[in-house]
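Engineer: Input: one structure, supplied below.
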């Protein structure tokens, strides 16, 4: 066997091994990224007024503020699990337009509704987790 043929024969398994290791690395990286994505939000607006206060996010997928509000909602969602329904609707869908009209709410806003489904407040971006939590605390206080 010539030297060049020997180099090709010995380099080939090494190159294959490196390719497999790189591929495995990217598969693991993708799996970790997917596991760290936030849980989805329900778009089932029939949950509004069913005994729990609700926060409905009217989103516009093309608006930058959408991502900031989603991050804030994710920060406080676990703190309020079981007490508040975190929902979303798209402004350009029939259910979204109907919800917006019924609550006189513009796109890229949070609509806070009491346990009976009555609008309590509309919150505009930007918001912080602390400011939204304060609004939720008011929403959860029993009426006097």
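Residue numbers (this note's numbering): 3 to 146. Every residue gets a Cβ at the ideal spot worked out from N, C-alpha and C, and that includes glycine.
#1: From residue 58 to residue 115, what distance separates their C-alpha atoms?
#2: For a test of your reading of the model: does the CB of residue 105 fall under 7 angstroms from any non-hydrogen atom of the ligand GTP? Yes or no.
#3: Around the Cβ of residue 48, are there at least 16 other Cβ atoms within 10 angstroms (buried) or fewer (exposed)?
#4: According to DSSP, is residue 58 part of a helix, a strand, or is it coil?
#5: If you reduce the DSSP assignment to three classes, tell me which class residue 105 lands in.
#6: Can you tell me whether residue 74 is buried or exposed? The criterion is at least 16 other CB atoms within 10 Å of its CB, across all chains shown.
#7: Is it right to say residue 91 is buried, meaning 16 or more other beta carbons lie within 10 angstroms of its own, or is it exposed?
#8: Taking DSSP's pairing of strands, which residues face residue 111 in a bridge?
#9: Given a threshold of 16 other Cβ atoms within 10 Å of its Cβ, counted over all protein chains shown, does residue 94 qualify as buried or as exposed?
#10: Does the count of Cβ pairs from the segment 74–84 and the segment 14–31 closer than 8 angstroms reach three?
#11: On the DSSP bridge list, what partners appear for residue 88?
#12: Excluding sequence positions up to five away, which residues of its chain have a Cβ less than 7 angstroms from the Cβ of residue 70?
Structural biologist: Straight from the coordinates:
#1: Position 56 of the chain shown, counted from the start, is the residue given in the question as residue 58. Position 113 of the chain shown, counted from the start, is the residue given in the question as residue 115. If I take the Cα positions, the gap works out to 8 angstroms.
#2: What this structure holds is no ligand at all, so the ligand GTP is not there to describe.
#3: Locating residue 48 in the chain shown gives position 46, where the first residue counts as 1. Looking at its Cβ environment, which holds fewer than 16 other Cβ atoms inside 10 Å, residue 48 is exposed.
#4: If you number the chain shown from 1, residue 58 lands on position 56. Here DSSP, grouped into helix, strand and coil, assigns residue 58 to strand.
#5: By 1-based counting over the chain shown, the position of residue 105 is 103. In this structure, residue 105 counts as helix in the three-state DSSP scheme.
#6: Counting from one through the chain shown, the residue named residue 74 turns up at place 72. Residue 74 counts as buried, since no fewer than 16 other beta carbons sit within 10 angstroms of its beta carbon.
#7: Mapped onto the chain shown, residue 91 falls at position 89. Label assigned to residue 91: buried.
#8: Looking up residue 111 in the chain shown gives position 109. In the DSSP output, where bridge partners are listed per residue, residue 111 has 60.
#9: Stepping through the chain shown from its first residue, residue 94 is reached at position 92. Around the beta-carbon of residue 94, fewer than 16 other beta-carbon atoms lie within 10 Å, marking it exposed.
#10: Not touching, per the Cβ criterion.
#11: Within the chain shown, residue 88 is the residue found at index 86, counting from 1. As a beta-bridge residue in DSSP terms, residue 88 pairs with 57.
#12: Taking the first residue of the chain shown as position 1, residue 70 is located at position 68. Within the same chain, residue 70 has close Cβ partners 127 and 128.
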